[in-house]
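Those letters in the sequence shown? Residues 70 to 374, per this note's numbering, in order. Quick notes on the structure that follows.
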Amino acid sequence: MHSLKNPYVFVQSSRNLIGIFSRLCSSNAGIPQYETLAVSVPKKYVYHVELNRPNKLNTFTPNMWKEFSSCFSALSDNPECRVVVLSGQGKHFTGGIDLNAFVESASKAHELSDVARKARFLFKMIKQYQDGITALEECVKPVLAVVHNACVGAGVDLITAADVRYCTEEAWFQVKEVDVGLAADVGTLQRLPKVIGSASIARELCFTARKLQSKEALEIGLVSKVFTDKESAIQQVLEVAETIASKSPVAVQVTKQSLVYSQSRPTSEGLEHIRLMNQTMLQSDDLTKAAIAQATKTKTEFDEL
70 MHSLKNPYVF VQSSRNLIGI FSRLCSSNAG IPQYETLAVS VPKKYVYHVE LNRPNKLNTF
130 TPNMWKEFSS CFSALSDNPE CRVVVLSGQG KHFTGGIDLN AFVESASKAH ELSDVARKAR
190 FLFKMIKQYQ DGITALEECV KPVLAVVHNA CVGAGVDLIT AADVRYCTEE AWFQVKEVDV
250 GLAADVGTLQ RLPKVIGSAS IARELCFTAR KLQSKEALEI GLVSKVFTDK ESAIQQVLEV
310 AETIASKSPV AVQVTKQSLV YSQSRPTSEG LEHIRLMNQT MLQSDDLTKA AIAQATKTKT
370 EFDEL
């Protein structure tokens, strides 16, 4: 009743409510916001995640590892997201781990009383880093990575957890960890040999820490295609993402889940997994819609999943 007696308070309250409503209805409504990642929706059902520390070469901080987990878990559960494009803002894709932040975090272990407690602290820290990378793999939506200029250390861990990789002509890759006195421990040693299909080349890259240029990256299968520059790469990869997003989300997501499940298991287990998945998914209306669209050469819209 007080606001009705005071017109100024009533008007101000109304304006506040309108402002809140406008923000909720804006294009950013429902888009997660992060400190180290920038998220946008450039096309319907296509989300664009960018590493967002350009002044620090997009190096990985403890918070970035956490935000990878949070971001890709949220996108995996978001029915409005069907494909994710991953890239980096600024001059480079990423310079790898932020060594200063890493040393600061790791030094906390030395403050503990004995080796068991130090080891447990480091175990948990490494697990958190691993979870941030694995979040891309566990996201049921395809993740398409676009690399420009440097992709060092943790950047290689990151892109090998993506589903498809692209790069620009000036891009280069480096498994840098041995040069700073440690073994890569968040995914490269486990995923790179499978991604390129050559244990010999993968081991050479990891033992020597040599730079891998874009031409060789294409030749060994680390990337699917090389573009002239970042702008054209992003534009064309977004078009690929749009094509994927136009297809049945049931078909695409089960395809990814089966590929991820099967990559480290015997063929027989992979076949059983897809049988168990498709005994349900083949009952979806998407199958009928897709068949009709193919037969009539028309486009169809699939419900969100």
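We treat Cβ as the ideally placed atom computed from N, Cα and C, and that holds for glycine.
Next item on the list: Within 10 angstroms of the Cβ of PHE371, are there 16 or more other Cβ atoms? Answer buried if so, exposed if not.
Entry: Label assigned to PHE371: buried.
Note to self: Does ILE100 come out as helix, strand or coil in the three-state DSSP assignment?
What the structure shows: Three-state result, ILE100: coil.
Notebook entry, point to check: Quick one: what's got a C-beta closer than 6 Å to HIS117's C-beta in the same chain, skipping five residues either side?
Noted result: The residues are SER109, PRO111, VAL154.
Checklist line | Rounded Cβ spacing between SER145 and LYS210 (contact assumed at less than 8 Å) | finding: In this structure SER145 is in contact with LYS210, their Cβ atoms being roughly 6 Å apart against a cut-off of 8 Å.
Notebook entry, point to check: Leaving out five residues before and five after THR369 in sequence, what residues of the same chain have Cβ atoms less than 6 Å from its Cβ?
Noted result: In the same chain as THR369, and ignoring 5 residues on each side of it, the C-beta atoms closer than 6 Å to its own belong to LYS358, ALA362, in chain order.
Notebook entry, point to check: Under the three-state reduction of DSSP, which class applies to ARG272: helix, strand or coil?
Noted result: In the structure shown, ARG272 sits in a helix (DSSP, three-state: H, G or I).
Notebook entry, point to check: In chain order, which continuous runs of the alpha helix (DSSP H) of length 4 or greater are located wholly inside the segment 162-236?
Noted result: List check, alpha helix (DSSP H) in window: 168-176, 184-207, 223-229.
Next item on the list: Locate the beta strand (DSSP E) running through LYS125, then write down its first and last residues.
Entry: Counting along the chain, LYS125 falls outside any beta strand (DSSP E), and DSSP gives it neither H nor E.
Notebook entry, point to check: Assuming VAL247 and ALA278 make a contact with CB atoms under 8 Å, what is their CB distance in whole Å?
Noted result: The pair is a contact, with the Cβ atoms about 5 Å apart (cut-off 8 Å).
Notebook entry, point to check: Helix, strand or coil: how does DSSP classify PHE296 here?
Noted result: Residue state, collapsed to three classes: strand.
Check: What distance in whole Å lies between the Cβ atoms of VAL244 and CYS220, which are believed to be in contact at a cut-off of 8 Å?
Finding: Approximately 10 Å separates the beta-carbon atoms of CYS220 and VAL244; this is outside 8 Å, ruling out the contact.
Next item on the list: Within the same chain, show all residues whose beta-carbon is closer than 7 Å to that of TRP134, passing over the 5 residues directly before and after it, in chain order.
Entry: So the list reads GLN197, TYR198, GLY201, once near-sequence residues are dropped.
Next item on the list: State buried or exposed for ILE195, treating a residue as buried only when at least 16 other CB atoms are found within 10 Å of its CB.
Entry: Looking at its Cβ environment, which holds fewer than 16 other Cβ atoms inside 10 Å, ILE195 is exposed.
Check: To the nearest whole angstrom, what separates the beta carbons of GLY157 and ASN124, a pair I think is in contact under 8 Å?
Finding: Taking C-beta atoms under 8 Å as the contact rule, GLY157 and ASN124 fail to qualify, at a distance of about 12 Å.
Next item on the list: Counting only the same chain and skipping the five closest in sequence on each side, list residues whose C-beta sits under 7 Å from that of ALA204.
Entry: If we look at ALA204 and ignore the five residues flanking it on each side, its Cβ neighbours are PHE137, SER138, PHE141, SER142.
Next item on the list: Starting from SER145, trace the beta strand (DSSP E) both ways and give me its first and last residue.
Entry: Note, SER145: premise wrong, no beta strand (DSSP E); alpha helix (DSSP H) at 131-146.
Margin query: Considering Cα atoms alone, identify which of GLU300, SER283, GLN304 is closest to LYS294.
Written below: Comparing Cα-Cα distances from LYS294 to each of GLU300, SER283, GLN304, the minimum goes to SER283.
Notebook entry, point to check: Quick one: what's got a C-beta closer than 8 Å to GLN304's C-beta in the same chain, skipping five residues either side?
Noted result: Correct list: empty, nothing qualifies.
Next item on the list: Assuming VAL152 and ALA286 form a contact by the criterion Cβ under 8 Å, report the distance between their Cβ atoms to the nearest whole angstrom.
Entry: Not a contact, Cβ separation roughly 22 Å.
Checklist line | Beta-carbon proximity check, LEU213 vs VAL233, cutoff 8 Å | finding: Cβ atoms of LEU213 and VAL233: closer than 8 Å.
Notebook entry, point to check: What number of angstroms, rounded off, separates the C-alpha of ALA360 from the C-alpha of SER327?
Noted result: Each residue's alpha carbon lies about 22 Å from the other.
Check: Is the CB-CB distance between ALA268 and VAL215 below 8 Å?
Finding: Cβ distance not < 8 Å, so ALA268 and VAL215 don't count as in contact.
Notebook entry, point to check: Sorry if obvious, but does the Cβ on ALA188 come closer than 7 Å to a heavy atom of the ligand NAD?
Noted result: In terms of ligand content, the structure shown is empty, and the ligand NAD therefore cannot be addressed.
Notebook entry, point to check: Helix, strand or coil: which one does DSSP assign to GLN352?
Noted result: Shown here, GLN352 sits in coil according to DSSP, grouped into three states, outside any helix or strand.
Next item on the list: Determine the DSSP secondary structure at VAL249, reduced to helix, strand or coil.
Entry: Of the three classes helix, strand and coil, the one that applies to VAL249 here is helix, per DSSP.
Margin query: Report the CB separation of GLY16 from PHE162 in whole angstroms; it is logged as a contact under 8 Å.
Written below: Within the shown structure, residues of the chain are numbered from 70 to 374, placing residue 16 beyond reach of any answer.
Next item on the list: Please classify ALA107: does DSSP put it in a helix, a strand, or coil?
Entry: Residue state, collapsed to three classes: strand.
Notebook entry, point to check: DSSP on LEU155, reduced to helix/strand/coil?
Noted result: Note: LEU155 maps to strand in three-state DSSP.
Margin query: Quick test of your reading: VAL292 and CYS236, contact by CB under 8 Å. State the CB separation rounded to the nearest angstrom.
Written below: That pair is a contact at about 5 Å.
Notebook entry, point to check: For THR257, does the count of other Cβ atoms within 10 angstroms reach 16, so buried, or fall short, so exposed?
Noted result: By the neighbour-count definition (other C-beta atoms within 10 Å, threshold 16), THR257 is a buried residue.
Notebook entry, point to check: Does DSSP put LYS112 in a helix, a strand or coil?
Noted result: The three-state secondary structure of LYS112, taken from DSSP, is strand.
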